[in-house]
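K.L.:
Mind looking over this structure? Questions follow.
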Amino acid sequence: MTKRVTYYILNIVTVITVTMFFSCNDSFKQVQKIGISENEPIGIEYKTNLKYTDSGKVIANLLSNKYLDYSNRDFPFYEFTDGATLYIYDKENRKSTVVADYAIVYNETNLIDMQNNVVITTHDNRVLKTDQLFYDQSKEWLYTNKPVSFKTEEDLINGNGFDSNSEFTNAEVLEVTGIITLED
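All residue numbers in the sequence shown are consecutive under the working numbering, ending with 1368.
Here it is in structure tokens:
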């Protein structure tokens, strides 16, 4: 009887061992594919029109010819590689326009990072030029610490840095390096 129990146990152990041996395979290539897919966007969209609303009212509208969706990352974002145009609307629904060659939208922080040839044209025709500009959607605030050129109705102000609310009622060039008074 003990021989028979030992025989059954030996058969069960053998079957389990053989099953485990044949179920193992080389999964290194699968692991490599997972790493690649995590670095690739999960989607590409063309002719994008993203609207940001607050209480049902559009406060910003981002347009682009192409964007890459990296929402599969630990810190998700959207990348706009072919340029972007951002329209910002104030409380009176007046539109200011920000154009850039490249932009990134960070989902978790509600921050838009616009880069390369950034130009803002405000609703009252003031123009800001810089290489990088951030727009905080939650605070409706624009800022940069890069060199800027800000043309108002009277002056052309150069400096390092810019701060403003989305209505441009308190637009300020930081660290002013020069002011040129414009003649009519």
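Glycine is no exception: its CB is placed at the ideal position from the N, C-alpha and C atoms.
Please classify E1356 as buried or exposed, where buried requires at least 16 neighbouring CB atoms within 10 angstroms.
P.N.:
Here the question's residue 1356 lines up with position 172 in the sequence shown. Classification for E1356: exposed.
K.L.:
Consult DSSP for N1223 and reduce its assignment to one of helix, strand or coil.
P.N.:
As a first step, residue 1223 must be located in the sequence shown, where it is residue number 39. Helix at N1223.
K.L.:
In three-state terms, what does DSSP make of S1350?
P.N.:
For the purposes of this step, residue 1350 is identified with residue 166 of the sequence shown, where counting begins at 1. In the structure shown, S1350 sits in coil (DSSP, three-state: anything other than H, G, I, E or B).
K.L.:
Would you identify the three-state DSSP class for D1274, choosing helix, strand or coil?
P.N.:
Mapped onto the sequence shown, residue 1274 falls at position 90. Looking at D1274 - three-state DSSP - the assignment turns out to be coil, as it is neither helix nor strand.
K.L.:
From this set, N1256, T1353, W1325 and E1229, which residue's C-alpha is nearest H1307's C-alpha?
P.N.:
Counting from 1 along the sequence shown, the entry for residue 1307 is found at position 123. Of the listed residues, the one whose Cα sits closest to H1307 is T1353.
K.L.:
Assess contact between the segment 1253–1268 and the segment 1308–1319, defined as three or more Cβ pairs (one per stretch) separated by less than 8 Å. Is contact present?
P.N.:
No: fewer than three Cβ pairs fall under 8 Å.
K.L.:
Thinking just about the alpha-carbon of each residue, which of I1243, K1279 and V1242 is nearest to the one in I1153?
P.N.:
With the chain covering 1185 to 1368 only, the question about residue 1153 has no answer from this structure.
K.L.:
Would you give the residue range spanned by the beta strand (DSSP E) that D1253 belongs to?
P.N.:
Within the sequence shown, the letter at position 69 stands for residue 1253. Here the beta strand (DSSP E) through D1253 covers K1241 to Y1254.
K.L.:
Go through its chain and collect everything with a Cβ distance to F1264's Cβ below 6 Å, but skip five positions before and after it.
P.N.:
Taking the sequence shown and counting its residues from 1, the one referred to as residue 1264 is at position 80. So the qualifying residues of the chain are S1248, Y1251 and A1287.
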